[in-house]
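In what follows, a single structure is set out as structure tokens and then discussed.
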Ligand SMILES: Cc1ncc(COP(=O)(O)O)c(C=O)c1O
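Chains as they are written, first to last, in this note's numbering: chain V, 1 to 146; chain Z, 1001 to 1398.
Structure follows, in structure tokens:
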């Protein structure tokens, strides 16, 4: 096992995020600022990426801020590690990872991501460029599962 | 009636705080009506028909050319050429003038703070012609390093192309001085006036530049129309870059005789409705209510800068003294993406990013800034709502 493999594995296994809980949590927020506060708190649950993991080759294209994404398969489950230097984006990444981390191909491909985003009411808050950035992460993950 | 009430955008969007006039200005009723009026009452092509409506349109169309000439103090309406915009005008010049006047080894000089529209066409022309493309170093306040400029002028550049005002910072550049030094070397000169035209009086005769360009949409006029001023003395160096209808005197199988500038460069049907709209925009700018509001805008800008300076986390860029009303800033320790998301959530319309001036951002050592740009319609409430939204954003991110 290389260092990077171990690091991705580590990141992926320490993540404790559940998409259902996130939906409930965000639905409870009544004001725009508390929604963002919640999103940013979710971002804080992501472990830090070290310098090696913040390599240019891991950068996701199409994002307004820097987004790094790593993935690998482990026992038929997709291990994900990702982060951003922007706090809100980092929170959004946590929301995406909650849906996809440690899931099988079938689970990933059958997950209704657009419905998920709609329930989170994120599209209203996100500019097209920001949503595009988020969707490029999603597309990369979906492509990995195909 | 307040000046804001003349802009239907604001009654249709009462929640939006529009602080992005450097990207494009909102349009007053008079401009919108002039465009509608053209299509509902006068729609005919200029310089084409010989019936009454067509003749009337042609007369008005040429009268507006004359009005634009007066507006920027050009010696003759024949010095005014319609284009699609500033970018189009500069690209036109790179072909119609650049292709025939730039030779291998020649020098082209631009400021390091140019908008890409006045940077990339010259950079690419230089590449194609094996000429040298040089940029003047930018000082920390966004103004050009004059020593470096004089050094570059020693290469006797063929072209000096400079911005009148910076779109990213709002700086009013010392164009008079820059142009007079450039003239002494015999360079042909171009001024990108896209950001100046709505804010400061422009006098091309006084500036003594060979080319001056601007867009109607940044001066309360319509999109899709630009103006290119060409001084009489450089007209002989210009060749047509497109071929077609109105530019032609006579065509036979053997040869074609061209008409002089402006027709030479105005191939095909022009954006006549927008030209009628521009006429109304000039009337608006020359009105006393506008000129009065312009003074208020200067005070409002000072207030905006004072309020921004009170926020510890804010780092301001640019020269805020000689400025058209643009505040360019960054929130220390925060990503611009975060701040911009939280401002947009609060209905604040500003621009975040590199502002099509990446070489300038590199010189200032930032990835991008937030740009607040004032228009004639902005008032203290707009600035207060923006400042309070910015404070909320900073607090939330902390
Ligand atoms: C200084 C400057 N030059 C050129 C342009 C390009 O103008 P347009 O998009 O109207 O062609 C802009 C517009 O942002 C500008 O600010």
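Virtual Cβ for every residue (Gly too), placed ideally from N, Cα, C.
Model, not experiment: these values are computed from the prediction.
Inset, instruction - Name the two residues that bound the continuous alpha helix (DSSP H) containing residue 1120 of chain Z. - result: 1120 to 1129
Inset, instruction - Taking residue 1286 of chain Z as the reference, give the member of Z:1026, Z:1051, Z:1067 and Z:1034 with the closest Cα. - result: Z:1067
Inset, instruction - Consult DSSP for residue 1287 of chain Z and reduce its assignment to one of helix, strand or coil. - result: coil
Legend entry - Chain-ordered neighbours of residue 37 of chain V on chain Z, where CB pairs are closer than 9 angstroms: 1396
Inset, instruction - Mind checking which residues open and close the beta strand (DSSP E) that includes residue 1351 of chain Z? - result: 1351 to 1353
Inset, instruction - State yes or no: is the C-beta of residue 1057 of chain Z within less than 8 angstroms of the C-beta of residue 1280 of chain Z? - result: no
Inset, instruction - Taking residue 1132 of chain Z as part of the beta strand (DSSP E), name the residues at either end of that continuous run. - result: 1132 to 1136
Legend entry - Proximity below 8 angstroms, CB of residue 1378 of chain Z to CB of residue 1316 of chain Z: no
Inset, instruction - Flag residue 1349 of chain Z as yes if its beta-carbon sits less than 8 angstroms from any beta-carbon of chain V, otherwise no. - result: no
Inset, instruction - Leaving aside the five residues before and after residue 16 of chain V along the sequence, list all residues of the same chain whose C-beta is less than 8 angstroms from its C-beta, in chain order. - result: 45
Inset, instruction - Scan the segment 43 to 70 of chain V for residues whose Cβ lies nearer than 9 angstroms to a Cβ of chain Z and list them as they occur along the chain. - result: 63, 64, 65 and 66
Legend entry - 7 angstroms CB neighbourhood of residue 157 of chain V in its chain, flanking five on each side removed: No information on residue 157 of chain V is available, as it lies outside the stretch 1 to 146 that chain V covers here.
Legend entry - Inter-residue Cα distance where the pair is residue 1145 of chain Z and residue 1328 of chain Z: 20 angstroms
Inset, instruction - For the beta strand (DSSP E) containing residue 1217 of chain Z, list its first residue and its last residue. - result: From DSSP, residue 1217 of chain Z is part of no beta strand (DSSP E); its letter is neither H nor E.
Legend entry - Contacts around residue 1322 of chain Z, its chain only, beta-carbon distance under 6 angstroms, and the 5 residues preceding and following it disregarded: 1172
Inset, instruction - Below 8 angstroms on the Cβ atoms is my guess for residue 1007 of chain Z versus residue 1027 of chain Z; work out the distance and round it to an integer in Å. - result: 7 angstroms
Legend entry - Between the CA atoms of residue 1234 of chain Z and residue 1156 of chain Z - distance to the nearest angstrom: 17 angstroms
Inset, instruction - Consider the C-beta atom of residue 1192 of chain Z and the heavy atoms of ligand 1; say whether any pair is separated by less than 7 angstroms. - result: yes
Legend entry - Cβ neighbours of residue 1186 of chain Z in the same chain (closer than 8 angstroms, five flanking residues each side left out): 1156
Inset, instruction - Please report how far the alpha carbon of residue 975 of chain Z lies from the alpha carbon of residue 1205 of chain Z, in whole angstroms. - result: Because chain Z spans 1001 through 1398 in this model, residue 975 of chain Z falls outside it and cannot be assessed.
Inset, instruction - Going by DSSP, name the residue or residues bridged to residue 1083 of chain Z. - result: Z:1226
Inset, instruction - Could you tell me whether the Cβ atoms of residue 1355 of chain Z and residue 1371 of chain Z are closer together than 8 angstroms? - result: yes
Legend entry - alpha helix (DSSP H) segment containing residue 1057 of chain Z, residue limits: 1052 to 1071
Legend entry - Cβ shell of residue 1351 of chain Z (< 6 angstroms), same chain only, five flanking positions each side left out: 1020, 1023 and 1371
Inset, instruction - Would you kindly check if the distance between the Cβ of residue 1334 of chain Z and the Cβ of residue 1387 of chain Z is under 8 angstroms? - result: no
Inset, instruction - Could you name the residues of chain V that residue 1313 of chain Z contacts, counting a contact when the two beta carbons are closer than 7 angstroms? - result: Simply none; closest approach about 14 angstroms.
Inset, instruction - Starting from residue 1317 of chain Z, trace the beta strand (DSSP E) both ways and give me its first and last residue. - result: 1314 to 1317
Inset, instruction - Consider the C-beta atom of residue 1085 of chain Z and the heavy atoms of ligand 1; say whether any pair is separated by less than 7 angstroms. - result: yes
Legend entry - Euclidean distance between Cα positions of residue 165 of chain V and residue 1242 of chain Z: Only positions 1 to 146 of chain V appear in the structure, and residue 165 of chain V is not among them; the question remains open.
Legend entry - Spatial neighbours of residue 1259 of chain Z in its chain, beta-carbon cut-off 8 angstroms, leaving aside the 5 residues before and after: 1246, 1247, 1248 and 1249
Inset, instruction - Could you work out which residue in Z:1384, Z:1141 and Z:1055 is closest to residue 1018 of chain Z when comparing CA atoms only? - result: Z:1384
Inset, instruction - Using a threshold of 8 angstroms, state whether the C-beta atoms of residue 1128 of chain Z and residue 1087 of chain Z are closer than that. - result: no
Legend entry - Where residue 73 of chain V meets chain Z, residues with beta-carbon distance less than 9 angstroms: Result: empty, since nearest Cβ-Cβ is about 31 angstroms, beyond 9 angstroms.
Legend entry - Chain-ordered residues of the segment 1 to 30 of chain V with a beta carbon less than 9 angstroms from chain Z: none
Inset, instruction - Consider the Cβ of residue 1020 of chain Z: report whether some Cβ of chain V lies at a distance smaller than 8 angstroms. - result: no
Inset, instruction - Throw me the rounded Cβ distance for the residue 1284 of chain Z and residue 1038 of chain Z pair, which I believe falls under 8 angstroms. - result: About 16 angstroms separates the two Cβ atoms, so there is no contact after all.
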